[in-house]
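As structure tokens, the structure follows; a few thoughts come after it.
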Amino acid sequence: MREVMTKTMARNVFYGGSLFFIAIFLFLSFNSVGYIKNTSTSTATLTDSVVAGKRVWEANACIDCHTLLGEGAYFAPELGNVMRRWGVQDDPEDAFDMLKGWMEAQPSGIEGRRQMPQFNLSDEQIRNLANFLLWTGTINTQSWPPNDAG
Amino acid sequence: MKYQSQRVAYWYFLAAMAVFSVQVLGGLWAGWIYVNPNFFSEAVPFNIIRMIHTNALIVWLLLGFFGAAYFLVPEESERELQSPLLAYVQLGILLLGTAGVVVTYAFDLFHGNWLLGKEGREFLEQPVWVKLGIVVAALIFLYNITFTVLKGRKTAITNVLLLGLWGLVLLFLFAFYNPGNLSLDKMFWWYVVHLWVEGTWELVMASILAFLLLKLTGVDREIVEKWLYVIVATALFSGILGTGHHYYWIGTPGYWKWIGSIFSSLEVVPFFAMMSFAFIMVWKGKRDHPNKAALLWSLGSATVAFFGAGVWGFLHTLHGVNYYSHGTQITAAHGHLAFYGAYVSVNLAIITYAMPILRGRDPYNQVLNMVSFWLMTGGMAFMTFVLTFAGVIQTHMQRVLGDNFMDVQDGMALFYIMRWGAGLAVVIGAILFIYAQLVPGREVIARDAKQEA
Chain H
1 MREVMTKTMA RNVFYGGSLF FIAIFLFLSF NSVGYIKNTS TSTATLTDSV
51 VAGKRVWEAN ACIDCHTLLG EGAYFAPELG NVMRRWGVQD DPEDAFDMLK
101 GWMEAQPSGI EGRRQMPQFN LSDEQIRNLA NFLLWTGTIN TQSWPPNDAG
Chain G
151 MKYQSQRVAY WYFLAAMAVF SVQVLGGLWA GWIYVNPNFF SEAVPFNIIR
201 MIHTNALIVW LLLGFFGAAY FLVPEESERE LQSPLLAYVQ LGILLLGTAG
251 VVVTYAFDLF HGNWLLGKEG REFLEQPVWV KLGIVVAALI FLYNITFTVL
301 KGRKTAITNV LLLGLWGLVL LFLFAFYNPG NLSLDKMFWW YVVHLWVEGT
351 WELVMASILA FLLLKLTGVD REIVEKWLYV IVATALFSGI LGTGHHYYWI
401 GTPGYWKWIG SIFSSLEVVP FFAMMSFAFI MVWKGKRDHP NKAALLWSLG
451 SATVAFFGAG VWGFLHTLHG VNYYSHGTQI TAAHGHLAFY GAYVSVNLAI
501 ITYAMPILRG RDPYNQVLNM VSFWLMTGGM AFMTFVLTFA GVIQTHMQRV
551 LGDNFMDVQD GMALFYIMRW GAGLAVVIGA ILFIYAQLVP GREVIARDAK
601 QEA
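If you read the sequences in order, they're chains H and G.
If you read the first sequence in the working numbering, its first letter stands for residue 1, the second for the next number, and so on.
If you read the second sequence in the working numbering, its first letter stands for residue 151, the second for the next number, and so on.
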């Protein structure tokens, strides 16, 4: 490297190249935002209830046990496809009932079994959360996960 | 200590080590819940412990980076810090925020409050008021460091360090953007998370490593700095578009599968370069520096970062592999070794190097320090191996065969027991390290011996 390149050359390559790649990245990011808004997610069904459900998801730090689209902690099951796994992806009422039954049964208290806390959610919060998970189930994720197990 | 204001680094390093101990104890606790799931499960659920484990990691690494900057910038710039007082104010804000975060998580205070309650996006769970505090602290820091550098001697090390730190702070602003659309949320969430650890933090790491090697080996600055520019060039050329490997399955366009696979595969290059750099400098160097422990940590950091971030990252970064392995224990294995090698070790390296100088004495407790290196590194390596095996089994049973998540997890119990044992070794190593820094042993020859710097 001694003869091939001087320090100044290395510095200029670093600055120039980085700016080049930042520019490409910003361009692709811009393109991706458009793709998300118009193609892969449904903005028409992104209701206030879905957004409120997202806040319920966040306020209870669900991501620190579960994964959502594969991201999060790996302590508890993937929830991006939970409504499909439960067979209620197409029926919001059944989705609400399932989720309500599930949330109210926690913690199971079974010895040797991972425990989910009791979050004391109101019916409205559960409905919002169900709608959020239903909406998440409609995102075009390049057909991830490979199967319903998540 | 050449400059009096370097002293602020001492308090940053102490704070970093304190939060480090919280982090590893949190990890030990979380690992124990995997072994014994009913352990205080109602008083302190897993998600609370996990938030403390990951947030404490981020905070202490940042405290270490800030401390490293306050230590090396005066020496590089050949002048005192712009304002030591502001540096202490900054530290106070960060520690107040840290305490606030722990209390907020532990007692779930102000649940759902937009300003005071936790935010609940992974790693960015801090309440808004803490995030604002971080921004204020960061601005103070940037002011302090930037003006010190501008008024003094400019070197490649401070150049790259400043660039990394400015980038780090600016990217953190995306933590305030939380759209209702989950795909958009995730896309810009990675602007913080990926562009930190696989972008700007690499710049910080490389410049700290360059500073350490310059001091420890005595190799010509011209050579060190040329290497530094080449390393950070490869880091950003691969890392920026390498963000694409997080854009496979979150609703982003399909072209990221190719861009992400190609560029993130190249992310191994800067880590290989850093490892080569470290060893070549040591071979070339003529200086026999007395701080052997700092040298061990420097070489260890570059090596473990290559394996943890480079090799283990490549293991599951190609989209065809990631389709099956995404979000399994393979990710956890990679995350642990990458963070340990790249960022934990480089922090412990600069702390090991700087503490004797900051205390005005010869290097002390070196053997104990090196024992702690091997305990922690051995523990992390073993943890990575068992989690990798667990992850391979999980990937096959859950993603290929389609078995239920919890059934698969129950089958992995043995791995989680071994992981906890490995974690215990890491914790003991961490305690030894902190003890070695805080309680100087008797091998010290003269109290006021001048450190060769």
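Virtual Cβ for every residue (Gly too), placed ideally from N, Cα, C.
Compute the Euclidean distance between the alpha carbons of residue i and residue j, then round it to the nearest angstrom.
i, j, result
"PHE216(G)", "LEU312(G)", "11 Å"
"TRP264(G)", "LYS281(G)", "12 Å"
"ALA423(G)", "HIS344(G)", "20 Å"
"LEU266(G)", "VAL251(G)", "10 Å"
"SER227(G)", "GLY349(G)", "24 Å"
"LEU551(G)", "TYR503(G)", "51 Å"
"LEU468(G)", "THR384(G)", "19 Å"
"LEU391(G)", "LEU315(G)", "20 Å"
"THR296(G)", "GLU230(G)", "12 Å"
"LEU363(G)", "ALA105(H)", "58 Å"
"GLY181(G)", "MET5(H)", "49 Å"
"PHE21(H)", "TYR490(G)", "28 Å"
"TRP606(G)", "THR141(H)", "The requested residue 606(G) does not occur in the structure, where chain G is confined to residues 151 to 603."
"LEU133(H)", "TYR327(G)", "21 Å"
"ALA596(G)", "GLN516(G)", "Here ALA596(G) scores only 46 on pLDDT, less than 50, and its place in the model should not be relied on; the value that follows carries that caveat. Going by the C-alpha atoms only, they are around 16 Å apart."
"ALA44(H)", "LEU245(G)", "44 Å"
"TRP135(H)", "ASN81(H)", "10 Å"
"THR254(G)", "ARG11(H)", "45 Å"
"VAL369(G)", "LEU449(G)", "15 Å"
Do you know whose CA, among the options, lies nearest residue i's CA?
i, options, result
"GLN68(H)", "ALA256(G), MET167(G) and ARG271(G)", "The sequence given here places Leu at residue 68(H); Gln does not occur at that position. Of the listed residues, the one whose Cα sits closest to LEU68(H) is ARG271(G)."
"ALA59(H)", "LEU213(G), GLY214(G), GLN232(G) and LEU259(G)", "LEU259(G)"
"GLY605(G)", "GLU269(G), TRP182(G), PHE170(G) and LEU164(G)", "Since the first and last residues shown for chain G are 151 and 603, residue 605(G) lies out of range."
"MET526(G)", "VAL550(G), ILE581(G) and ASP560(G)", "ILE581(G)"
"THR538(G)", "MET556(G), VAL494(G), PHE555(G) and GLY463(G)", "GLY463(G)"
"TRP351(G)", "GLY579(G), GLU192(G), TYR493(G) and ILE584(G)", "TYR493(G)"
"HIS278(G)", "PHE429(G), GLY262(G) and LYS365(G)", "It is worth fixing the name first, because residue 278(G) is Val in this sequence and not His. Comparing Cα-Cα distances from VAL278(G) to each of PHE429(G), GLY262(G) and LYS365(G), the minimum goes to GLY262(G)."
"LYS577(G)", "VAL174(G), GLN154(G), ALA159(G) and PRO195(G)", "At residue 577(G) the sequence reads Val, which differs from the Lys that was named. Minimum Cα distance to VAL577(G) is reached at VAL174(G)."
"VAL558(G)", "VAL542(G), GLY571(G), ALA325(G) and MET568(G)", "VAL542(G)"
"TYR341(G)", "GLY394(G), THR367(G) and PHE170(G)", "GLY394(G)"
"ILE501(G)", "HIS476(G), TYR405(G), ALA444(G) and GLY302(G)", "ALA444(G)"
"LEU46(H)", "GLU225(G), VAL299(G), PRO329(G) and LEU292(G)", "PRO329(G)"
"PHE361(G)", "HIS476(G), VAL496(G), TRP433(G) and LEU487(G)", "VAL496(G)"
"LYS376(G)", "MET431(G), ALA206(G) and PHE457(G)", "MET431(G)"
"VAL536(G)", "ASN519(G), ALA572(G) and MET505(G)", "ALA572(G)"
Determine, for residue i, whether the minimum Cβ-Cβ distance to residues of chain H falls below 8 Å.
i, result
"PRO277(G)", "no"
"ASP438(G)", "no"
"THR672(G)", "The question about residue 672(G) has no answer, for chain G in this structure spans 151 to 603."
"PHE605(G)", "Since the first residue of chain G shown is 151 and the last is 603, residue 605(G) is not available in this structure."
"THR402(G)", "yes"
"HIS476(G)", "yes"
"LEU391(G)", "yes"
"GLY262(G)", "yes"
Would residue i count as contacting chain G if we go by Cβ distances under 8 Å?
i, result
"PHE189(H)", "Lying before the first or after the last residue shown, residue 189(H) is absent from chain H, which here runs from 1 to 150."
"GLN106(H)", "no"
"SER18(H)", "yes"
"ASP94(H)", "no"
"ARG84(H)", "no"
"GLU124(H)", "no"
"GLN89(H)", "no"
"LYS7(H)", "yes"
"ALA10(H)", "yes"
"THR45(H)", "no"
"PHE30(H)", "no"
Can you tell me where the alpha helix (DSSP H) holding residue i begins and where it ends?
i, result
"HIS484(G)", "479-488"
"ASN147(H)", "Unbroken run through ASN147(H): none, as it is neither H nor E."
"GLY469(G)", "The displayed chain sequence assigns His, not Gly, to residue 469(G). 469-475 is the extent of the alpha helix (DSSP H) around HIS469(G)."
"ALA287(G)", "278-301"
"ASP560(G)", "555-560"
"ASP64(H)", "First-last for ASP64(H): undefined, no H or E at that position."
"GLU372(G)", "371-392"
"TRP182(G)", "158-185"
"ARG127(H)", "123-136"
"PRO224(G)", "196-227"
"ASN519(G)", "516-544"
"TRP462(G)", "462-465"
"ALA58(H)", "Going by the sequence as given, residue 58(H) is Glu instead of Ala. 48-59 is the span of the alpha helix (DSSP H), which, as asked, contains GLU58(H)."
"ASP258(G)", "It is not in any alpha helix (DSSP H) - ASP258(G) carries neither H nor E in the DSSP assignment."
"TRP447(G)", "442-455"
Query raised in the report: Taking any Cβ of chain G, which residues in the segment 127-150 of chain H have a Cβ under 9 Å from it, in chain order?
Result: Residues passing the 9 Å Cβ filter: PHE132, TRP135, THR136, ILE139, ASN140, THR141, GLN142, SER143, TRP144, PRO145, PRO146, ASN147, ASP148, ALA149 and GLY150.
Report task. Mind checking the segment 48-77 of chain H against chain G and listing, in chain order, the residues whose C-beta falls within less than 8 Å of any C-beta there? Result -> In summary, the residues of the segment 48-77 of chain H whose CB is separated from some CB of chain G by less than 8 Å are VAL50, VAL51, LYS54, ARG55, TRP57, GLU58, ALA59, ASN60, ALA61, CYS62, ILE63, ASP64, CYS65, THR67, LEU68, LEU69, GLY70, GLU71, GLY72, ALA73, TYR74, PHE75, ALA76 and PRO77, in the order they occur in the chain.
Report task. Residues of the segment 311-334 of chain G with a CB closer than 7 Å to any CB of chain H: list them in chain order, please. Result -> Only GLY330, ASN331, LEU332, SER333 and LEU334 from the segment 311-334 of chain G bring a Cβ to less than 7 Å from some Cβ of chain H.
**Report entry** Near-chain H residues of the segment 361-386 of chain G - C-beta to any C-beta below 7 Å
**Finding:** Under the 7 Å Cβ criterion, the segment 361-386 of chain G contributes GLU372, GLU375, LYS376, TYR379, VAL380, VAL382, ALA383 and LEU386.
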